[in-house]
Structure formats: C-alpha cells, structure tokens
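Q: Residue numbers (this note's numbering): 1 to 402.
The beta-carbon is built from N, C-alpha and C at its ideal position, and this holds for glycine as well.
A quick note: this is a predicted structure, and the numbers were derived from the prediction, not measured.
To start, I am sharing the structure in question, which I have written as structure tokens.
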Ligand SMILES: [Zn+2]
Ligand SMILES: [Zn+2]
C-alpha cells in the first residue's frame, strides 16, 4: 500500500478526469443523439453495440464485442493493478416510444466516465471494466452477464440513469414476470352456449380477483397485467385466452408470498369458469437494489461539485421501478443514482421523456453524468479507505438479507 491519497492530489485528478470528459463532449453528445435516433429493443441493440465498441476501439481500449455470449454486450478494460470498478452502459429502448427511458444517456455517460477514468487508471493504480449491458427493459442482460462472470473480481459497479430530478438512488423493488394461459371449450356463442367453457371469462374473473387483491397489499407492492389473447370472434366462445402480469414487491423474499396470492386469484377465475390454467414465471427475475450508501455519498459530493443536488428519494419525490442492476447489487457494491434531464414530474416511459432524452438538458446529463461517475471512480481508487468502507457496508447489508 502506498501513501494515503491527499485531498489536494484527489482534487487535481478529479479536475483532470473532468477535462478528459470535456475534451470528448461533442463526440459523447453525438453518440447519445445517434443512439436516440436508432432505438433498438432487448438484445437487438446492434447499432449501439457497433457505435460504442467502435469508439472504444478508436480510443485504444480494444473492446471485446459480443461479450459473455450475448450478441449486443461488450467489455473493455483499463488499468493493471488495484481495485476494479465497473461502469455500466445500457442502450436498449422501448417499443413504439423509443428512448423514453433515456438509455442513450446511460450509454454515453458511462462511456465518457470510462474513457476519462481510463486516462488516469495507471497513474492511480486502479482497474476499470466498462460493460455494455443490453436488454434492461425486461431481458435481464446484466443477470446473464453476472451468471457468466462479468462481475467476478469487480469491487464496485456504477451507473447513472436519467430522470426528472437528481436522486442519489431509485426506489427499486423486485419483479417477476408471469405468463398465464387459460383453456376452455369452444362453442357457437348463440347456437350452443351451454357447451362452451369460456376462457376469456376465466381471464376476466382472474383480473377482477387481482383488482380486489390490490386493496390488501403493501404500499410498496405493484401488480399490473394485460390481456394478450382474448378470443377470436364474438360468436365463438373463446377456448383460449392469455395474460401477462408483472408482480413487484419490496425484495425477493417478500415477492414470494405475493406471487402465490396472485396465482390464487387467477386460478379462482379458471375454476369459476370450468377452465384450466397454466402459468410460467418468466426468468430472469429482477432483484431489489441494495444501494451502497458509501458510494452514494461519494456520488452526491461529486454531483455537488457540478452544482447538482441529488436528493434522497421520499414519498413525494421518487421513481419506483425495477432494474437488473438490482441483481448486480447483490453481487458487488453498487449504485443506481438518477440524474435530472427533464423538468420535475415528467415520468420516464413517456413520449415526453423521450424528447427530453435528446435535448440540451439531456446532453448536460450525459456530460455531468460522465464527470460525476468518473470522479466517483477516482474516489474509489484513491488510497483513503473509501473502497474498504463500501466493501464493509456491502458485506453487512448482504449478510442481513440472508
Ligand atoms: Zn425503463
Ligand atoms: Zn431505464
């Protein structure tokens, strides 16, 4: 172990990484706009994968394309010693509404942070892993990457997500997706309705049961479903129907009893209509996020340097959702802060938010996000106990969950 990093040294290196981001500002913003203009769904992010790995190549970081057996994942690294910090880039979009979750900003803020930190990695004695993580919107890219070793020997993992406010963390809850099929008996709806067993009735009754259940669940639990097959023609009693549900709860443990209650509701619908039901829990599930407060505090202090003031989420000011970063946070100390790119109150997953993801404020999110993450990486590489504190906090948070 060398000498403790002085505050003066740390400030100088932070200024350096901010300059490294500024030197690449127009390239990063251009990349953000290009990804925004080419929205791609889960595991089909070929344009973004090509663009981002091309930039890493140009910067001399020799990325691994199609990393971890995923066509649109990538990995690049820098530094040869010391603790390893991973910075994560998401770049998938949503059906019909494009980059309404602003992952173009996540991708390029992460890229900018990685490139800036790489420039000081050898000097600081730190190692870096830049990970391109596809399919956050339901595909669970990070879960597959984690299963295949992407976070082995990683000491901390960072990313930043755009939002309509600066927050040190998101209220992230666990989710499991559910696919349900009902089968009945077709019949002519007018000539012989008594011979029919109506699979749409089964789904509707099941839906109503879940609607009643919603009154009696915890305030941090969410259940939402849609009909994906509701019959073919009004004069044919539907012999088949299907639904898709998202079931969310505070954490993986509290999710299990809720899953059982939802299934009971749906099965009661099948029973009442003399139909049968089959179901599949669609893996991977997303775990709740274990936010590392040590790293959140470092992130907030670095955000202050740029005039941002990330708040703790409260009941008035929070984003509730689920992310595969939650699964990463059970493997290594992790953060998932939110950076303001839209006026207060504009929700993500709306066309309005997609517009803000490619705007002047969106572009500031890219540059500030890159700088804040790069400075936080510097803090974790510094020889001043930050990484040790983050590790200790992680160990005790994880042991309490077992
Ligand atoms: Zn989203
Ligand atoms: Zn998102």
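Quick one: give me the first and last residue of the beta strand (DSSP E) that residue 422 is part of.
A: Absent from the model: residue 422. The displayed extent of the chain is 1 to 402, so no value can be given.
Q: Contact between the segment 259 to 278 and the segment 200 to 214: three or more CB pairs below 8 Å?
A: As far as the Cβ criterion goes, the segment 259 to 278 touches the segment 200 to 214, which means the pair count is three or higher.
Q: Looking at C-beta atoms only, is the number of pairs between the segment 262 to 277 and the segment 119 to 136 that lie closer than 8 Å three or more?
A: With the cut-off at 8 Å, the segment 262 to 277 and the segment 119 to 136 do not touch.
Q: If you measure between the beta carbons of residue 25 and residue 367, is that distance less than 8 Å?
A: Their beta carbons are under 8 Å apart, which means residue 25 touches residue 367 by this criterion.
Q: What is the chain-ordered set of residues for which the beta carbon lies under 7 Å from any non-hydrogen atom of ligand 1?
A: Going by the Cβ distance cut-off, the answer is 94, 101, 136, 137, 321, 348 and 349.
Q: Compute the minimum distance between the beta carbon of residue 330 and the heavy atoms of ligand 2, and state whether it is under 7 Å.
A: Result no, Cβ not under 7 Å from ligand 2.
Q: At 3 residues or longer, what runs of the beta strand (DSSP E) sit wholly inside the segment 80 to 127?
A: Taking only runs of at least 3 residues, the beta strand (DSSP E) segments lying wholly in the segment 80 to 127 are 84 to 89.
Q: Cβ of residue 304 within 7 Å of any heavy atom in ligand 2?
A: For ligand 2, not one heavy atom lies less than 7 Å from the Cβ of residue 304.
Q: Please find out if some non-hydrogen atom of ligand 2 comes closer than 7 Å to the beta-carbon of residue 356.
A: Not under cutoff, so the answer is no.
Q: Buried or exposed for residue 196, please, with buried defined as at least 16 other CB atoms from any protein chain shown within 10 angstroms of its CB.
A: Buried, since its Cβ has 16 or more Cβ neighbours within 10 Å.
Q: To which residues of the same chain is residue 46 closer than 8 Å at the C-beta, ignoring the five residues directly before and after it?
A: Closer than 8 Å at the Cβ level, and outside the excluded window around residue 46, lie 40, 71 and 72.
Q: I need the boundaries of the alpha helix (DSSP H) containing residue 63, first residue and last residue.
A: Residue 63 -> no alpha helix (DSSP H), and no H or E assigned at all.
Q: With a cut-off of 8 Å on the beta carbons, I'd call residue 84 and residue 127 a contact; round off their distance for me.
A: Right, the Cβ-Cβ distance comes to about 4 Å (below 8 Å), so this counts as a contact.
Q: If you follow the alpha helix (DSSP H) that residue 22 is part of, which residue opens it and which one closes it?
A: Segment 7 to 23, the alpha helix (DSSP H) holding residue 22.
Q: Helix, strand or coil, according to DSSP, for residue 347 in the structure here?
A: Coil at residue 347, not helix or strand.
Q: Can you give me the Cβ contacts of residue 109 inside the same chain, cut-off strictly under 6 Å, excluding the 5 residues immediately before and after it?
A: Contacts found: 160, 366, 369 and 370.
Q: Report yes if the C-beta of residue 99 is less than 7 Å from at least one heavy atom of ligand 2; otherwise report no.
A: Residue 99 Cβ: outside cutoff for every heavy atom of ligand 2.
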